[in-house]
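Colleague:
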Amino acid sequence: MAIPRQVHRRLALAALATGAGLPWAVAQAQSATWSGTVALSSQLVDRGLAITPDTAILQAAGSVSLPSGWVFGASASGEIRDLSPLSEAFVQASHYWRLTPDWQFQAGLIYYDYPSRGGGTFNRVEASTNWLYRDVLTLGVTAIEPVGSTSHKLRGAADVGFHWPLPWQFSFSAGAGYAQAQVPYYLTYPNGHRSYGYHGGDRVNSYGYGHVGLIWGQGPWRVELDRMVVDHRMREENLAASPWVATISFTF
C-alpha cells in the first residue's frame, strides 16, 4: 500500500496490482465483483514518504467492481501497537474504459483522511487519470487538492509503474514518480519512542521517488519486498520511507 504507487494505495481496490487500477482480468468481469484484502506491512508509505515510523502496520480494504466499469473501494490502516486513531483511511471511486484490446483508461477520485496526524492538515482529495497496458505498464497523472490546509493551491504528481512475471510464482515491479506534496515528519526521542510533528500546514515539497521490488504470489497470498528510492532532500530531513518495505497480504 510501493499505485504505480505504494502498497497501501493499491489496497484501495483490493487487487494489489502494480499501478493505479485493477488487474486486467477483474476489469473484464461480467458481474459485480466484491473483494477484500488484509495486509501486514513494515511501514505505511505514500509516494516515497513515511506516513508512519518503522513499525508493524495493519491494513484492510474492500472494493466492488461493476460491469459498467465503475469501481468503489475503501481502506483503513493503523499501527498495530496503537490502532486508535487510525494512521490513514480513504475512499475511492473510479471508472475504466477499454480503449483497445490491450489498453485501458481509468479516471477516479479518492479522499484521504489522517485521523491521528495534524488535526486534518494533511487531508486531501486526488483526481487521477491512468493509462494501463494489461498488467504490465501504468502511466498516471494526479491533481491534488488539500482540504485541511490553510492553502488550497492545487498540486500534482506523475507516476509510471512496471510489472513483469518471473518463474516460480515471482514477479518484478518497479515505479517512479515526481510529486508536489505537503509532508509530515516524525522525530525520534532519546527513549526510542517515535511520534509525529509538523512544519505547519503549508509546507510543500517537490521531489522524485521510486521503487524496485520482488513479489511472490500463491493463490490469495502475496509477499512483496520493495527497495525505496527518494530524493536525498527528503531523506536528509527524515521524511523519506525506510530503504526497505515489506508487506504480506491475503485477498478474499
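Under mature numbering (1 follows the signal peptide of the UniProt record, and there is no 0), the letters of the sequence shown match residues -29 to -1, 1 to 223, in that order. By construction, the Cβ of each residue, glycine as well, lies at the ideal position given by its N, Cα and C atoms. As the structure is a prediction and not an experimental result, all values here were calculated from the model.
Whole angstroms are fine: how far does the CA of residue 85 sit from the CA of residue 99?
Modeller: Locating residue 99 in the sequence shown gives position 128, where the first residue counts as 1. Locating residue 85 in the sequence shown gives position 114, where the first residue counts as 1. Answer to the nearest angstrom: the Cα atoms are 20 Å apart.
Colleague: Whole angstroms is fine: what's the gap from residue 126's alpha carbon to residue 102's?
Modeller: Numbered from 1 along the sequence shown, position 155 holds the residue referred to as residue 126. Numbered from 1 along the sequence shown, position 131 holds the residue referred to as residue 102. Rounded to the nearest whole angstrom, the CA to CA distance from residue 126 to residue 102 is 20 Å.
Colleague: Could you check if residue 190 is buried or exposed, using at least 16 other CB atoms within 10 Å of its CB as the buried criterion?
Modeller: Translated into positions along the sequence shown, residue 190 becomes position 219. So residue 190 ends up on the exposed side.
Colleague: Hey, is the stretch 1 to 9 in contact with the stretch 26 to 40, meaning 3+ C-beta pairs nearer than 8 Å?
Modeller: Proximity of the stretch 1 to 9 to the stretch 26 to 40 meets the contact definition, three or more beta-carbon pairs being nearer than 8 Å.
Colleague: Out of curiosity, what's the CA-to-CA distance linking residue 206 and residue 20?
Modeller: Locating residue 206 in the sequence shown gives position 235, where the first residue counts as 1. Locating residue 20 in the sequence shown gives position 49, where the first residue counts as 1. Each residue's alpha carbon lies about 9 Å from the other.
Colleague: Between which two residues does the beta strand (DSSP E) holding residue 193 run?
Modeller: Reading the sequence shown from its first residue, position 222 is the one you call residue 193. That run of the beta strand (DSSP E) goes 192 to 201.
Colleague: Go ahead and label residue -3 buried or exposed: buried means 16 or more other beta carbons lie within 10 angstroms of its beta carbon, across all protein chains shown.
Modeller: Sequence index remark: in the sequence shown, residue -3 carries index 27 (1-based). The pLDDT assigned to residue -3 is 46, lower than 50, so where the model puts this residue is not dependable, and the model offers no usable value.
Colleague: Given a cut-off of 8 Å, decide if residue 151 and residue 227 are closer than it, judged by their beta-carbon atoms.
Modeller: Not covered by the structure: residue 227. The range shown for the chain is -29 to 223.
Colleague: Thinking just about the alpha-carbon of each residue, which of 124, 96 and 78 is nearest to the one in residue 109?
Modeller: Taking the first residue of the sequence shown as 1, we reach residue 109 at position 138. Ranking the options by Cα distance to residue 109, first place goes to 78.
Colleague: How about residue 148 and residue 180: do their beta carbons lie closer than 8 Å?
Modeller: If you number the sequence shown from 1, residue 148 lands on position 177. If you number the sequence shown from 1, residue 180 lands on position 209. The answer is yes: Cβ separation under 8 Å.
Colleague: What's the call for residue 164, buried or exposed, on a 16-neighbour Cβ count within 10 Å?
Modeller: Taking the sequence shown and counting its residues from 1, one reaches residue 164 at position 193. Because residue 164 sits at a pLDDT of 47, beneath the cut-off of 50, its placement in the model cannot be relied upon, and the following sentence gives the value as read from the coordinates. So residue 164 counts as exposed.
Colleague: Is residue 182 near residue 197, with beta carbons less than 8 Å apart?
Modeller: By one-based count along the sequence shown, residue 182 stands at place 211. By one-based count along the sequence shown, residue 197 stands at place 226. Yes.
Colleague: Pick out the complete beta strand (DSSP E) segments inside the stretch 95 to 154, 3 residues or longer, and give them in chain order.
Modeller: 95 to 104, 108 to 117, 126 to 136 and 141 to 153
Colleague: Among 93, 216 and 211, which one has its Cα closest to the Cα of residue 58?
Modeller: Position 87 of the sequence shown, counted from the start, is the residue given in the question as residue 58. Looking only at 93, 216 and 211, the smallest Cα-Cα distance to residue 58 is reached by 93.
Colleague: Report yes if the CB atom of residue 61 is closer than 8 Å to the CB atom of residue 68, and no otherwise.
Modeller: Residue mapping note: residue 61 aligns to position 90 of the sequence shown, counting from 1. Residue mapping note: residue 68 aligns to position 97 of the sequence shown, counting from 1. Not in contact: residue 61 and residue 68 (Cβ atoms no closer than 8 Å).
Colleague: Kindly identify the DSSP beta-bridge partner or partners of residue 85.
Modeller: Mapped onto the sequence shown, residue 85 falls at position 114. Paired residue(s): none; residue 85 is not in a bridge.
Colleague: Grouping DSSP H, G and I as helix and E and B as strand, with all else coil, what is residue 52?
Modeller: Within the sequence shown, numbered from 1, the residue matching residue 52 stands at position 81. Residue 52 carries a coil assignment under DSSP once its states are collapsed to helix, strand and coil.
Colleague: Assuming residue 111 contacts residue 129 (C-beta within less than 8 Å), just tell me the rounded distance between them.
Modeller: Here residue 111 is taken as the residue at index 140 of the sequence shown, counted from 1. Here residue 129 is taken as the residue at index 158 of the sequence shown, counted from 1. About 7 Å; that satisfies the 8 Å criterion.
Colleague: For residue 31, which beta-bridge partners are listed by DSSP?
Modeller: Residue mapping note: residue 31 aligns to position 60 of the sequence shown, counting from 1. In DSSP, residue 31 forms a bridge with 9 and 47.
Colleague: Using 8 Å for Cβ pairs, my map puts residue 213 next to residue 53. What's the rounded Cβ distance?
Modeller: Numbered from its first residue, the sequence shown carries residue 213 at position 242. Numbered from its first residue, the sequence shown carries residue 53 at position 82. Rounded, the Cβ-Cβ distance is 19 Å, inconsistent with contact.
Colleague: Secondary structure at residue 69, three-state DSSP: helix, strand or coil?
Modeller: The residue labelled residue 69 in the question sits at position 98 within the sequence shown. It is a strand residue.
Colleague: Under the assumption that residue 51 contacts residue 15 (Cβ atoms under 8 Å), give the Cβ distance between them as a whole number of angstroms.
Modeller: For the purposes of this step, residue 51 is taken as the residue at position 80 of the sequence shown. For the purposes of this step, residue 15 is taken as the residue at position 44 of the sequence shown. About 11 Å separates the two Cβ atoms, so there is no contact after all.
Colleague: Whole angstroms is fine: what's the gap from residue 63's alpha carbon to residue 204's?
Modeller: Within the sequence shown, numbered from 1, the residue matching residue 63 stands at position 92. Within the sequence shown, numbered from 1, the residue matching residue 204 stands at position 233. Rounded to the nearest angstrom, the two C-alpha atoms are 31 Å apart.
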